[in-house]
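If you read the protein sequences in the order shown, they are chains F and Y.
Residue numbers for the first sequence follow numbering that gives the first Met the number 0, so the first one is 0 and each next one is one higher.
Residue numbers for the second sequence follow numbering that gives the first Met the number 0, so the first one is 0 and each next one is one higher.
Ideal placement from N, C-alpha and C gives every residue a C-beta, glycine not left out.
Treat the numbers as computed from the prediction; the structure is a model and nothing was measured.
Number of protein chains: 2
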Amino acid sequence: MARLSKKSEIVEQGLQLVLQQGFAQAGVQDITDAAGVPKGSFYNHFASKDAFGAEIVDVYFGRMRTMMADLLGDATRPPLARLEAYFDAIFAYARDKSGQGCMISTLCAEANGAADVLRDKLNGVLGEWRAPIAACIAEAQKRGDLAPAPDADTLARFVVDAWQGAMIRTKVSRDLEPLETFQRVVFGGVLVPLKRRSVRPPT
Amino acid sequence: MARLSKKSEIVEQGLQLVLQQGFAQAGVQDITDAAGVPKGSFYNHFASKDAFGAEIVDVYFGRMRTMMADLLGDATRPPLARLEAYFDAIFAYARDKSGQGCMISTLCAEANGAADVLRDKLNGVLGEWRAPIAACIAEAQKRGDLAPAPDADTLARFVVDAWQGAMIRTKVSRDLEPLETFQRVVFGGVLVPLKRRSVRPPT
DNA sequence: TGAAAAAGACCGAACGGTCATATTGCGCGC
DNA sequence: GCGCGCAATATGACCGTTCGGTCTTTTTCA
Chain F
0 MARLSKKSEI
10 VEQGLQLVLQ
20 QGFAQAGVQD
30 ITDAAGVPKG
40 SFYNHFASKD
50 AFGAEIVDVY
60 FGRMRTMMAD
70 LLGDATRPPL
80 ARLEAYFDAI
90 FAYARDKSGQ
100 GCMISTLCAE
110 ANGAADVLRD
120 KLNGVLGEWR
130 APIAACIAEA
140 QKRGDLAPAP
150 DADTLARFVV
160 DAWQGAMIRT
170 KVSRDLEPLE
180 TFQRVVFGGV
190 LVPLKRRSVR
200 PPT
Chain Y
0 MARLSKKSEI
10 VEQGLQLVLQ
20 QGFAQAGVQD
30 ITDAAGVPKG
40 SFYNHFASKD
50 AFGAEIVDVY
60 FGRMRTMMAD
70 LLGDATRPPL
80 ARLEAYFDAI
90 FAYARDKSGQ
100 GCMISTLCAE
110 ANGAADVLRD
120 KLNGVLGEWR
130 APIAACIAEA
140 QKRGDLAPAP
150 DADTLARFVV
160 DAWQGAMIRT
170 KVSRDLEPLE
180 TFQRVVFGGV
190 LVPLKRRSVR
200 PPT
């Protein structure tokens, strides 16, 4: 039987549930109910709930990876345009597909109290996420599109953190305003020249 | 008995515990154990765990409020210096006091699945948090220290979101690097002039 | 004397996880 | 091509623990 094992069904439904409710909040029972399988099946495929968590991070990030490769790696466009296209894409993804939220930010928020295996996985994934963004920024800096001011890696860390913060707030505001704000500020101007300008007054 | 009711002890220890482990993760039993009181006492003071959550948000934000009033409202200093002083202060607070994390970001992250009373409270608190920051930014814009580009409120939303995102990542990285990155980028230059510059190449 | 608080035993439900059993598809000797 | 055996999966009853919350009784203080 098993039109290819029910594992994929558990992963798919579990992904949605964790996305909506958080990892701790989504019980194993809830997940297997959503997948339409008895609870026992869960432990045929996953050693523990934590192992399941690590696996859905892989699945989820696998999908992000293809989006990143497509949009951030497109050498035919200038780096900043690629960055904007990428964030447009994950914005659209958050709007249409996931109901709602970002798996990574959701799990990061619960990192305290979570198993080390999950924390380590998240650290790795965050690095993998940041790298191509930092590469785009570095390329823009080399082209002179961007000030060399904060180095590319620092800037990439900041941007990803800001995105996650916006994602977190969507859970409270229940709309996409935080993501729109992110887009507007990051790609339309920002606090930045702040310090330098205030240091040298209009004379 | 009761050197002024054990409520304050429950609130104090509960605050620390929620800060460290998250709201859902910190059980009522854990909290009363930490406070050294029997579990029954908890429900003499709080109608439910959610009501307790709303109350510790008030207590926590009350402390933030005084810090905000002191540093952001100090009319003797230029607005951008006040902003930087404020973020320096909450950085130091995160480093030294809280062990570790930010109550607001922690609870926002769990907003899905949380009671509406808590979500509403968080929305209110976020607005109250943002307002004086937006006021500082607006003042800086009026003085000409800052481009009028993204309006003050939008900028304030972004900065607060970015701070929360950094706070969230400290839970994964287990160090203060995300907060340092936030400081460096926000107060040292940023992506901002990005779009405008890339649109008009060096000719 | 009465209301508030302290106290701890207690509750049903849900949690993550286990286990014994039934079922299935598949490789392999024939 | 066929039957057999076996490992992987399917299944649901079951386990101990912990969850948020209740109840009753005792203590305290105004």
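- Judged by DSSP in its simplified three-state form, G61/F adopts helix.
- Chain-order list of chain Y residues neighbouring D160/F: A161, G164, A165, I167, R168, P177, T180, F181, by C-beta distance under 8 angstroms.
- With fewer than 16 other Cβ atoms from the protein chains shown falling within 10 Å of its own Cβ, Q28/F counts as exposed.
- Residues of the same chain with a CB within less than 7 angstroms of the CB of D152/F, apart from the 5 flanking positions on each side, are A133 in chain order.
- When S4/Y, P149/Y, V124/Y are compared, the shortest CA-CA separation from A53/Y is found for V124/Y.
- With a cutoff of 8 angstroms on beta-carbon distance, R142/Y and P78/Y are scored as near each other.
- A residue is called buried when at least 16 other Cβ atoms come within 10 angstroms of its Cβ; T31/F meets this threshold and is buried.
- Segment contact: the stretch 74 to 94 of chain Y against the stretch 109 to 118 of chain Y, fewer than three CB-CB distances shorter than 8 angstroms; contact not assigned.
- DSSP assignment within the stretch 134 to 176 of chain Y yields the following whole alpha helix (DSSP H) runs of 4 residues or more, N-terminal first: 151 to 172.
- For C107/Y, the C-beta contacts it makes with chain F under 7 angstroms involve I167, R168, K170, V171, in order along the chain.
- Here DSSP, grouped into helix, strand and coil, assigns R76/F to coil.
- Listed in chain order, the positions of the stretch 143 to 158 of chain F with a beta carbon within less than 7 angstroms of a beta carbon of chain Y are G143, D144, L145, A146, A148, P149, T153, L154, R156, F157, V158.
- Using a Cβ-Cβ cut-off of 7 angstroms, L121/Y is close to V171 of chain F, given in chain order.
- The C-beta separation of A165/F from D69/Y comes to about 28 angstroms, leaving the pair out of contact by the 8 angstroms criterion.
- When the alpha-carbon of Q19/F is set against those of V116/F, R81/F, C101/F, the nearest one is in C101/F.
- Listed along the chain, the chain F residues whose CB falls inside 7 angstroms of the CB of V184/Y are P149, T153, L154, F157.
- Nearest C-alpha to V158/Y among K170/Y, G126/Y, F60/Y, E176/Y: G126/Y.
- Residue range 38 to 44 is occupied by the alpha helix (DSSP H) that includes K38/F.
- Taking a Cβ-Cβ cut-off of 9 angstroms, S47/Y has no neighbours in chain F, whose nearest Cβ is about 17 angstroms from it.
- A straight line joining the alpha-carbon of G21/F with that of S4/Y spans about 35 angstroms.
- Between Q163/F and I136/F, the alpha-carbon positions lie close to 18 angstroms from each other.
- Excluding five sequence positions before and after D144/Y, the CB atoms of its chain that fall closer than 8 angstroms to its own CB belong to P77, P78, L79, given in chain order.
- Taking a 10 Å sphere around the C-beta of V184/Y, we find 16 or more other C-beta atoms and assign the residue as buried.
- By the rule that beta-carbons nearer than 8 angstroms mark a contact, S40/Y does not touch chain F.
- Of all residues in the stretch 10 to 24 of chain F, only Q19, Q20, G21, A23, Q24 place a beta-carbon less than 7 angstroms from a beta-carbon of chain Y.
- Neighbours of G112/F in chain Y, taken as residues at a C-beta separation under 7 angstroms, are given in chain order as Q20, G21, Q24.
- For chain F, the residues of the stretch 123 to 144 of chain Y that bring a beta carbon within less than 9 angstroms of one of its beta carbons are L125, I136, A139, R142, G143, D144, in chain order.
- Per DSSP, the continuous alpha helix (DSSP H) segment holding E11/F begins and ends at 6 to 20.
- Annotation: M66/F to A74/F spans about 14 angstroms, alpha carbon to alpha carbon.
- DSSP, read as helix, strand or coil, puts K120/F in helix.
- Residue-level contact check: S4/Y does not touch chain F, since none of the beta carbons of chain F fall below 8 angstroms from its beta carbon.
- With its beta carbon at least 8 angstroms from every one in chain Y, R94/F lies outside the interface.
- Around the beta carbon of A146/Y, 16 or more other beta carbons sit within 10 angstroms, so the residue counts as buried.
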